[in-house]
Structure formats: C-alpha cells, structure tokens
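Presented below is the structure to which this report refers.
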Amino acid sequence: MGANEMLAGRTIVVTGAARGLGLAIAKACAAAGARLVLGDVLEAEGVEAARALAAEGPGCRFVPVDLASPASIEAFCADIGSREGAVDGLVNNGAIATGIGGPTYDALEIDVWDRVMQVNARGTWLMTRNMAPLLKKGRDARIVNVASDTALWGAPRLLAYVASKGAVISMTRSLARELGPSGIGITVVAP
Numbered sequence: 078m079g080a081n082e083m084l085a086g087r088t089i090v091v092t093g094a095a096r097g098l099g100l101a102i103a104k105a106c107a108a109a110g111a112r113l114v115l116g117d118v119l120e121a122e123g124v125e126a127a128r129a130l131a132a133e134g135p136g137c138r139f140v141p142v143d144l145a146s147p148a149s150i151e152a153f154c155a156d157i158g159s160r161e162g163a164v165d166g167l168v169n170n171g172a173i174a175t176g177i178g179g180p181t182y183d184a185l186e187i188d189v190w191d192r193v194m195q196v197n198a199r200g201t202w203l204m205t206r207n208m209a210p211l212l213k214k215g216r217d218a219r220i221v222n223v224a225s226d227t228a229l230w231g232a233p234r235l236l237a238y239v240a241s242k243g244a245v246i247s248m249t250r251s252l253a254r255e256l257g258p259s260g261i262g263i264t265v266v267a268p
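Residue numbers (our numbering): 78 to 268.
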C-alpha cells in the first residue's frame, strides 16, 4: 500500500477544515485516500473546500458546525451518524486562533477568554464525546487533537489561546486513558 492509499476506505472527520491548517490536513487525508467529512462555522468556505476535495478523492462533504454550540455539535455528529454510520478518524482542529492576541493578561476581556475556552477547549471535548460512539464503530479509530506550541513555551499577550491549547494537551492525556480501553487511540500535536 503506497502513501497515497494509507487511508483508503476510511472515513475521517476534520473540524476547522474550511481554510488554513484544517484544510491542509483535509487535503493530506484526501491524498492518502480518505473519504472526508469537513466541519466548520465558515459555511461558504467549507462548501467550496468540500467541492474541491470531492473532485480529487474518494469523496468529501461539508457539514456546518459551531464549536461554541453544544446543539450544533450534536446535530453535526447526528448527521454523520445517519450518513456515514461509522468514523475511523477525527481531527479536532477547529479553534479560535485569530483576532484574540494583543492584550496583556490584565487587559484581556472576560468575554474573549470565555469564548476562546468555549470553542477551543469545551468544543474539543464535546466533539470527542459526541463522536466517540461513531469512532467505536470504526476500524482502529484514532483522534488527533490539534494544540499549539504556544502552550509549550507560553506566548505572551495570547493568554486565552495559550491556556485553551494547554487544556487540549491535558485533556488528550486524560482521554487516552478513558478511550484506549474502547480501542480508540488519541494523540495531540502542537504545531
């Protein structure tokens, strides 16, 4: 099996996939033969990304999701459950990463802190929780959580983001112990 077939026959869900790193991850998965479900709050960009990837690989579709909304996450996962049934991989990439830096820790607005934590930390947890039943039906299911190197070195004037990505790293360690016995592997990357 060549590198372009490593994920052949597998269904991979990628959040935050309408642009940037999420889209790059989705492209790499498509090139490796995966069938994809892309999720993002940016609907127009997500639809276009799915259209472009569907033309190049074994299949790709877009389902809108707002990681700040538990109801949206539940609807996203229910849609995937009804259409795909089983999922082999989840990439928790969706996050608020832009437009939040600059203020020092003592000038950071509480609503910015809450919104970043809501999407980046809570959204990752809720997506994992709601996707777990579908991953348990998958083949050698895996989750990749996307954190950030900023959580490792402590970027200044970016406290909410840094803290949220540190939470993702810690959650991944805990989830590995809880999901591992179910046959779901989970890891975190910190680009």
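Cβ coordinates follow ideal geometry from the N, Cα and C atoms, glycine included.
For V221, which beta-bridge partners are listed by DSSP?
V168 and T264
A101 versus F153: straight-line alpha-carbon distance, rounded
A direct Cα-Cα distance of roughly 21 angstroms separates A101 from F153.
Inter-residue CB distance, V239 and V265 (contact presumed, cutoff 8 angstroms)
With 8 angstroms as the limit, V239 and V265 do not qualify as a contact, their Cβ atoms being about 15 angstroms apart.
Using a threshold of 8 angstroms, state whether the C-beta atoms of I157 and V223 are closer than that.
At a Cβ-Cβ threshold of 8 angstroms, I157 and V223 do not count as neighbours.
What are the residues that DSSP puts in a beta bridge with L115?
V91 and F139
What three-state label does DSSP hand G158 in the structure shown?
helix
Mind reading off the beta-carbon distance from S241 to N197? Whole number of angstroms is fine, and I expect it under 8 angstroms.
4 angstroms
Whole runs of the alpha helix (DSSP H) within the segment 179–228, excluding any shorter than 4 residues
187–193 and 200–213
Does the pairing of the segment 211–228 with the segment 187–194 give three or more beta-carbon distances under 8 angstroms?
no
Classify G110 as helix, strand or coil using the three-state DSSP reduction.
coil
Looking only at its own chain, which residues have a Cβ that is under 6 angstroms from the Cβ of G262, when we skip the five neighbours before and after it?
R219
By the DSSP assignment, the alpha helix (DSSP H) with G123 in it spans what residues?
G123 -> alpha helix (DSSP H) spans E120 to E133.
Contacts around E133, its chain only, beta-carbon distance under 7 angstroms, and the 5 residues preceding and following it disregarded:
A107
Length of the line joining the Cα atoms of M83 and G99:
Spanning the two alpha carbons is a distance of roughly 19 angstroms.
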